[in-house]
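K.L.:
Structure incoming, see below.
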Amino acid sequence: MTAMKVDAKVVMLGKESVGKTSLVERYVHHRFLVGPYQNTIGAAFVAKSITIGDKVVTLGIWDTAGSERYEAMSRIYYRGARAAIVCYDLTDSSSFQRARFWVKELQNCEEHCKIYLCGTKNDLIEEDRSLRQVDYHDVQDFADEIGAQHFETSSKTGNNVDGLFQKVAEDYSNSAFELMPEEKGVDLGQKKDSYFYACCHH
Amino acid sequence: MAADVHNKSAPWEVQNGSLVPVERLRFDRSDSPTPGLVEGTEPGAGQERAMFVHAQSFEDLTAESEAQAEEKSEKDLVLEEPREEAKEDEGEEGRDEDAVKEEEESQRGVRAKEEDITSEAWRDHRKHVFVLSEAGKPIYSRYGTEEALSSTMGVMMALVSFVEAERNIIRSIHADGYRVVFLHKSPLVLVGVSKTAQSDRELTRELQYVYYQIVSLLTLTQLNHVFQHKQNYDLRRLLAGSEHLTDNLLRLLDRDPGLLLSAVMCLPLSSSARDVVSSSLQAAKAKSLVFSILIAGNRLVTLVRKKDQFLHHMDLHLLFNLVNSSSSFREGEGWTPVCLPKFNTAGFFHAHISYVEPASDLCLILVSTDREDFFNLSDCKRRFLERLRKRSAYQVLQEALRAPTYSVSQVGIPELRHFVYKSKSSGLYTSPELPVPYQSVEEQERLMGLYQSLHSCLHHPTRPLRSIYRCGEMENLFAWVTSGFELYLCFSPLGTKALAVSAVNKLLKWIRKEEDRLFILNPQTY
Ligand SMILES: Nc1nc2c(ncn2[C@@H]2O[C@H](COP(=O)(O)OP(=O)(O)OP(=O)(O)O)[C@@H](O)[C@H]2O)c(=O)[nH]1
Ligand SMILES: [Mg+2]
Numbered sequence: 001m002t003a004m005k006v007d008a009k010v011v012m013l014g015k016e017s018v019g020k021t022s023l024v025e026r027y028v029h030h031r032f033l034v035g036p037y038q039n040t041i042g043a044a045f046v047a048k049s050i051t052i053g054d055k056v057v058t059l060g061i062w063d064t065a066g067s068e069r070y071e072a073m074s075r076i077y078y079r080g081a082r083a084a085i086v087c088y089d090l091t092d093s094s095s096f097q098r099a100r101f102w103v104k105e106l107q108n109c110e111e112h113c114k115i116y117l118c119g120t121k122n123d124l125i126e127e128d129r130s131l132r133q134v135d136y137h138d139v140q141d142f143a144d145e146i147g148a149q150h151f152e153t154s155s156k157t158g159n160n161v162d163g164l165f166q167k168v169a170e171d172y173s174n175s176a177f178e179l180m181p182e183e184k185g186v187d188l189g190q191k192k193d194s195y196f197y198a199c200c201h202h
Numbered sequence: 001m002a003a004d005v006h007n008k009s010a011p012w013e014v015q016n017g018s019l020v021p022v023e024r025l026r027f028d029r030s031d032s033p034t035p036g037l038v039e040g041t042e043p044g045a046g047q048e049r050a051m052f053v054h055a056q057s058f059e060d061l062t063a064e065s066e067a068q069a070e071e072k073s074e075k076d077l078v079l080e081e082p083r084e085e086a087k088e089d090e091g092e093e094g095r096d097e098d099a100v101k102e103e104e105e106s107q108r109g110v111r112a113k114e115e116d117i118t119s120e121a122w123r124d125h126r127k128h129v130f131v132l133s134e135a136g137k138p139i140y141s142r143y144g145t146e147e148a149l150s151s152t153m154g155v156m157m158a159l160v161s162f163v164e165a166e167r168n169i170i171r172s173i174h175a176d177g178y179r180v181v182f183l184h185k186s187p188l189v190l191v192g193v194s195k196t197a198q199s200d201r202e203l204t205r206e207l208q209y210v211y212y213q214i215v216s217l218l219t220l221t222q223l224n225h226v227f228q229h230k231q232n233y234d235l236r237r238l239l240a241g242s243e244h245l246t247d248n249l250l251r252l253l254d255r256d257p258g259l260l261l262s263a264v265m266c267l268p269l270s271s272s273a274r275d276v277v278s279s280s281l282q283a284a285k286a287k288s289l290v291f292s293i294l295i296a297g298n299r300l301v302t303l304v305r306k307k308d309q310f311l312h313h314m315d316l317h318l319l320f321n322l323v324n325s326s327s328s329f330r331e332g333e334g335w336t337p338v339c340l341p342k343f344n345t346a347g348f349f350h351a352h353i354s355y356v357e358p359a360s361d362l363c364l365i366l367v368s369t370d371r372e373d374f375f376n377l378s379d380c381k382r383r384f385l386e387r388l389r390k391r392s393a394y395q396v397l398q399e400a401l402r403a404p405t406y407s408v409s410q411v412g413i414p415e416l417r418h419f420v421y422k423s424k425s426s427g428l429y430t431s432p433e434l435p436v437p438y439q440s441v442e443e444q445e446r447l448m449g450l451y452q453s454l455h456s457c458l459h460h461p462t463r464p465l466r467s468i469y470r471c472g473e474m475e476n477l478f479a480w481v482t483s484g485f486e487l488y489l490c491f492s493p494l495g496t497k498a499l500a501v502s503a504v505n506k507l508l509k510w511i512r513k514e515e516d517r518l519f520i521l522n523p524q525t526y
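These protein sequence lines map, in sequence, to chains A and B. The C-terminal position of the first sequence is numbered 202 in UniProt numbering, with every residue numbered one higher than the one before it. The C-terminal position of the second sequence is numbered 526 in UniProt numbering, with every residue numbered one higher than the one before it.
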């Protein structure tokens, strides 16, 4: 047993309850948990290996909590990420506003991070088209403008979920040699004397 | 650094240093405990210094509001037998001058809003808890939505500020079988409305817990900061998704003796296995680690701490609550900021929280000072598990998990139904599983209520008692506190006082015999 080597850091971002955890659950464990919604606390990390051609790529996925409470420390979760899956709920237009916020944040702080816009809960739309609050073409235009990929998924049915992560891994694999090496994750030398760090929000 | 944090708020630490015998060896312990045991030699006392901040059962939590309204003298005397119901009369005299009561008004204030909230059922709850900002904005309500209650909370705030304008403090209002207890901890105001038999002091203690629960999510620094910038900030924005933590904490306060006694219960485990677990945790250290805590549900398996750093039980209970109220940590390795308010209200630690196996009850909490240290801690966990498996302690641990509790019948005292024993110097307690008559939630809470009331007599601020014997219709109760331990026993109503007294000796002997398994005698540090 040795520590798993992570090739690419992937971060899940988006408003609370848009379905980030469900996406990761579907992709990693091939399941969809029903029952009361359990908001993520802080963030959860999970590593998953995927074969691209003849190479194995290990994605280190950070599933962050959408609650504003953790916004101040979101940087530690997305810093050095090679890919960000920015989620919004297709049935909730306010969640798309929040997605725009994350895109801006990433553009400002993580220029090497590729952005994947992901509209979630597609199954609800299939069932009842009137529930859609975020237009497909509007998002496509936005994606083109910022150079992002665009997906619509359902964690309930599994629709497009593997496709999304497959694309993330492929893009990483194709660009692996062009970019700087992956950030190490730990930096023991730093912050020795700061036992706590400040926590101001605004 | 942090040692100062404790010295400020915990004058008892110094005292502890001289009380706890150093380097005692196991065979030095007396075989049969004698009454009036010295702290540090009671059954369950650790070999070296305790793992926790040394806290008297009550004082530490309520210290800040100790200028508490005094209860009217109670009937219980040492080893007397007052009837269960012989509680204090609702006497108004004898309260502190600054404890204002405005009977009629409070009742109206609460009642008038009730149509808004689903009426009867809402009113019937035994204990309501409300949290509001100083601007009167709702932050939390145990039952009903905060929106629906916003005018009720406005009234509460009006009451608080009305009284404070006169430089007084409102502590409680008693009327019509209800107690309304106020706790103003800037920038928050907490209000408890209860029709239980609990004293103001106890209700206040519970409100303190809720206050610290909120601080543990945000830090006090952030709380103050937010309200300094915007007085009528809606704190629910920052607390979104955390309501169930507070809900669960309030349930624990009604049911878990650990929160009452400021003590923690251990998973019964042979001391050799526990020592292996502890030393494996100790070996899997990292520079930034302050506490490594292994828990199984609401029981502690072991705790390893940085030298000179002590955890407060309240902080540990908040960690228990965080882990046990959410399935979030089952999804992967959790990495979350957490403030341990009794350690320091100003800053966050970062906690690596993960279950040992997907379906296991064993959860490892690694508390670190460095928010960048996730992968390092993840590696600590891996190393810990590796060691554990190599030394085959894992299997023993798995087995222990299958029997996380024991039956009171093992003690061999026929009339004894249940007990709670706390070793003061270790801050740990032990208690058997609830017997049949107390298994429903109502009965469990009733029994806890009885223990609470005994606890409150033993720790009465001006007239503390050493022991109490009480006869009731459903059970007889005996409580005893010495400098070394605190003990609560529940007997069948057929028992006698003489029997209770002899049972205590037998029980203490039994606990002494089992202490290796029931307590952590060898706490480790890194
Ligand atoms: N119908 C449907 N419901 C979904 C889907 N994905 C998530 N949900 C539901 O949406 C709710 C929130 O899902 P989570 O995955 O926990 O949301 P989250 O983004 O992780 O939320 P935070 O952790 O609070 O940030 C849950 O009740 C899920 O069951 C989906 O694809 N279809
Ligand atoms: Mg989530």
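Yeah, the Cβ is synthetic: ideal placement off N, Cα and C, and Gly gets one too.
To the nearest angstrom, report how far apart residue 15 of chain A and residue 395 of chain B are at their CA atoms.
P.N.:
For the purposes of this step, residue 15 of chain A is taken as the residue at position 15 of the first sequence. For the purposes of this step, residue 395 of chain B is taken as the residue at position 395 of the second sequence. So the alpha carbons of these two residues sit roughly 42 Å apart.
K.L.:
Can you pull the chain B residues whose beta carbon is under 8 Å from the beta carbon of residue 44 of chain A, in chain order?
P.N.:
Here residue 44 of chain A refers to the residue found at position 44 when the first sequence is read from its first residue. Under the 8 Å cutoff, chain B gives 328, 329, 331, 332, 333, 334 and 335.
K.L.:
On the DSSP letters alone, give me the boundaries of the beta strand (DSSP E) that residue 476 of chain B sits inside.
P.N.:
Start at 1 with the first residue of the second sequence, and residue 476 of chain B comes out as number 476. 476-481 is the span of the beta strand (DSSP E), which, as asked, contains residue 476 of chain B.
K.L.:
Regarding residue 65 of chain A and ligand 2, is the C-beta to nearest heavy atom distance less than 7 Å?
P.N.:
As a position in the first sequence, residue 65 of chain A is number 65, starting the count at 1. The answer is yes for residue 65 of chain A.
K.L.:
Determine the closest residue to residue 404 of chain B out of B:482, B:267 and B:449, with distance taken between C-alpha atoms.
P.N.:
By one-based count along the second sequence, residue 404 of chain B stands at place 404. The option with the nearest alpha carbon to residue 404 of chain B is B:267.
K.L.:
Going along chain B, which residues have a C-beta under 7 Å from residue 38 of chain A?
P.N.:
One-based indexing of the first sequence puts residue 38 of chain A at position 38. Near residue 38 of chain A (Cβ distances below 7 Å), the residues of chain B are 326, 327 and 328.
K.L.:
Can you say whether residue 37 of chain A is buried or exposed, counting buried as having 16 or more other CB atoms within 10 angstroms of its CB?
P.N.:
As a first step, residue 37 of chain A must be located in the first sequence, where it is residue number 37. Burial call: exposed.
K.L.:
For residue 132 of chain A, which of A:20, A:41, A:89 and A:7 has the nearest alpha-carbon?
P.N.:
For this step, residue 132 of chain A is matched to residue 132 along the first sequence. Out of A:20, A:41, A:89 and A:7, A:89 has the C-alpha closest to the C-alpha of residue 132 of chain A.
K.L.:
Go through the UniProt domain "FUZ/MON1/HPS1 third Longin" (415-515) of chain B residue by residue and report every complete run of the beta strand (DSSP E) that reaches 3 residues or more, in order.
P.N.:
Entirely contained in the UniProt domain "FUZ/MON1/HPS1 third Longin" (415-515) of chain B, the beta strand (DSSP E) runs reaching 3 residues are, in chain order, 416-423, 428-430, 467-471, 476-481 and 485-491.
K.L.:
Which one of B:302, B:260 and B:393 has the shortest CA to CA distance from residue 291 of chain B?
P.N.:
Working through the second sequence from its first residue, we reach residue 291 of chain B at position 291. It is B:302 whose Cα lies nearest to the Cα of residue 291 of chain B.
K.L.:
Please tell me whether residue 372 of chain B has its Cβ less than 8 Å away from any Cβ of chain A.
P.N.:
Position 372 of the second sequence, counting from 1, holds the residue named residue 372 of chain B. Yes - at least one Cβ of chain A is within 8 Å of the one on residue 372 of chain B.
K.L.:
Taking the alpha helix (DSSP H) that residue 12 of chain A falls in, what are its first and last residues?
P.N.:
Residue mapping note: residue 12 of chain A aligns to position 12 of the first sequence, counting from 1. That residue, residue 12 of chain A, is in no alpha helix (DSSP H); its beta strand (DSSP E) goes 8-14.
K.L.:
Find the residues of chain B that neighbour residue 25 of chain A, judging by a C-beta separation of less than 8 Å, and give them in chain order.
P.N.:
Within the first sequence, the letter at position 25 stands for residue 25 of chain A. Within chain B, the residues near residue 25 of chain A are 331.
K.L.:
When the distance is taken between beta carbons, is residue 400 of chain B closer than 8 Å to residue 219 of chain B?
P.N.:
Against the second sequence, residue 219 of chain B aligns to sequence position 219. Against the second sequence, residue 400 of chain B aligns to sequence position 400. Cβ atoms of residue 219 of chain B and residue 400 of chain B: not closer than 8 Å.
K.L.:
From the DSSP output, in three-state form, read off residue 268 of chain B for me.
P.N.:
Sequence index remark: in the second sequence, residue 268 of chain B carries index 268 (1-based). Coil, per DSSP.
K.L.:
Is residue 373 of chain B buried or exposed, if buried means 16 or more other CB atoms sit within 10 Å of its CB?
P.N.:
One-based indexing of the second sequence puts residue 373 of chain B at position 373. Result: buried.
K.L.:
In angstroms, rounded to a whole number, what distance separates the CA positions of residue 572 of chain B and residue 72 of chain A?
P.N.:
Only positions 1 to 526 of chain B appear in this structure, which leaves residue 572 of chain B out of reach.
K.L.:
So, for residue 42 of chain B: in the same chain, excluding its five sequence neighbours on each side, which residues have a beta-carbon less than 8 Å away from its beta-carbon?
P.N.:
Here residue 42 of chain B refers to the residue found at position 42 of the second sequence. The residues are 33, 423, 424, 425, 482, 484 and 485.
K.L.:
At a Cβ threshold of 8 Å, is residue 50 of chain A touching chain B?
P.N.:
Here residue 50 of chain A refers to the residue found at position 50 when the first sequence is read from its first residue. No, because no Cβ of chain B sits closer than 8 Å to the Cβ of residue 50 of chain A.
K.L.:
Which bits of chain B does residue 153 of chain A rub up against, with CB to CB less than 7 Å?
P.N.:
Walking along the first sequence from the start, residue 153 of chain A turns up at place 153. Per Cβ cutoff of 7 Å: no residues; residue 153 of chain A is ~18 Å from chain B at best.
K.L.:
List the residues of chain A that residue 237 of chain B touches, going by C-beta distances under 8 Å, in chain order.
P.N.:
Along the second sequence, read from residue 1 onward, the residue named residue 237 of chain B stands at position 237. Under the 8 Å cutoff, chain A gives 68.
K.L.:
Within 10 angstroms of the Cβ of residue 523 of chain B, are there 16 or more other Cβ atoms? Answer buried if so, exposed if not.
P.N.:
Looking up residue 523 of chain B in the second sequence gives position 523. Flag for residue 523 of chain B reads buried.
K.L.:
For a quick check, are the C-beta atoms of residue 103 of chain A and residue 63 of chain A less than 8 Å apart?
P.N.:
Locating residue 103 of chain A in the first sequence gives position 103, where the first residue counts as 1. Locating residue 63 of chain A in the first sequence gives position 63, where the first residue counts as 1. The answer is no: Cβ separation not under 8 Å.
K.L.:
Does the distance from the CB of residue 187 of chain B to the CB of residue 224 of chain B come in under 8 Å?
P.N.:
For the purposes of this step, residue 187 of chain B is taken as the residue at position 187 of the second sequence. For the purposes of this step, residue 224 of chain B is taken as the residue at position 224 of the second sequence. Against a cut-off of 8 Å, the Cβ pair of residue 224 of chain B and residue 187 of chain B comes out as a contact.
K.L.:
Verify the CB distance criterion: does residue 105 of chain A have a CB-CB separation below 8 Å to chain B?
P.N.:
The sequence position of residue 105 of chain A within the first sequence is 105, counting from 1. It does not: the Cβ of residue 105 of chain A has no partner Cβ on chain B nearer than 8 Å.
K.L.:
Under 7 Å: does the beta carbon of residue 156 of chain A sit that close to some heavy atom of ligand 2?
P.N.:
The sequence position of residue 156 of chain A within the first sequence is 156, counting from 1. It does not: the Cβ of residue 156 of chain A is nowhere closer than 7 Å to a heavy atom of ligand 2.
K.L.:
In or out: residue 505 of chain B buried (at least 16 other Cβ within 10 Å) or exposed?
P.N.:
For the purposes of this step, residue 505 of chain B is taken as residue 505 along the second sequence, with counting starting at 1. Looking at its Cβ environment, which holds fewer than 16 other Cβ atoms inside 10 Å, residue 505 of chain B is exposed.
K.L.:
By DSSP's criteria, residue 63 of chain A is part of a beta bridge. Which residues make up the other side?
P.N.:
In the first sequence, the residue the question calls residue 63 of chain A occupies position 63. Per DSSP, A:12 and A:44.
K.L.:
Within the present structure, is the beta-carbon of residue 221 of chain B separated from the nearest heavy atom of ligand 2 by less than 7 Å?
P.N.:
In the second sequence, residue 221 of chain B corresponds to position 221, counting from 1. No, the Cβ of residue 221 of chain B stays beyond 7 Å of every heavy atom of ligand 2.
K.L.:
Against chain B, with Cβ distances strictly below 8 Å, would residue 14 of chain A count as a contact?
P.N.:
Counted from its first residue, the first sequence places residue 14 of chain A at position 14. No, residue 14 of chain A lies away from the interface with chain B (no Cβ there is under 8 Å from its Cβ).
K.L.:
Is it a yes or a no for the region 405-419 of chain B touching the region 460-471 of chain B, going by three-plus beta-carbon pairs under 8 Å?
P.N.:
Touching, no, given that fewer than three Cβ pairs across the two stretches are closer than 8 Å.
K.L.:
On the DSSP bridge assignment, give the partners of residue 229 of chain B in chain order.
P.N.:
As a working note, residue 229 of chain B is residue 229 in the second sequence. The partner list for residue 229 of chain B (beta bridge, DSSP) is empty, contrary to what the question assumes.
K.L.:
What are the start and end residues of the beta strand (DSSP E) that includes residue 520 of chain B?
P.N.:
Taking the first residue of the second sequence as position 1, residue 520 of chain B is located at position 520. Where residue 520 of chain B is concerned, there is no enclosing beta strand (DSSP E), given that its DSSP letter is neither H nor E.
K.L.:
Would you check whether ligand 2 has a heavy atom nearer than 7 Å to the C-beta of residue 121 of chain A?
P.N.:
Taking the first residue of the first sequence as position 1, residue 121 of chain A is located at position 121. No; taking the cut-off as 7 Å, the Cβ of residue 121 of chain A has no heavy atom of ligand 2 nearer than that.
K.L.:
Taking 7 Å as the line, does the beta carbon of residue 21 of chain A fall inside it for any heavy atom of ligand 2?
P.N.:
Along the first sequence, read from residue 1 onward, the residue named residue 21 of chain A stands at position 21. Yes, the Cβ of residue 21 of chain A comes within 7 Å of a heavy atom of ligand 2.
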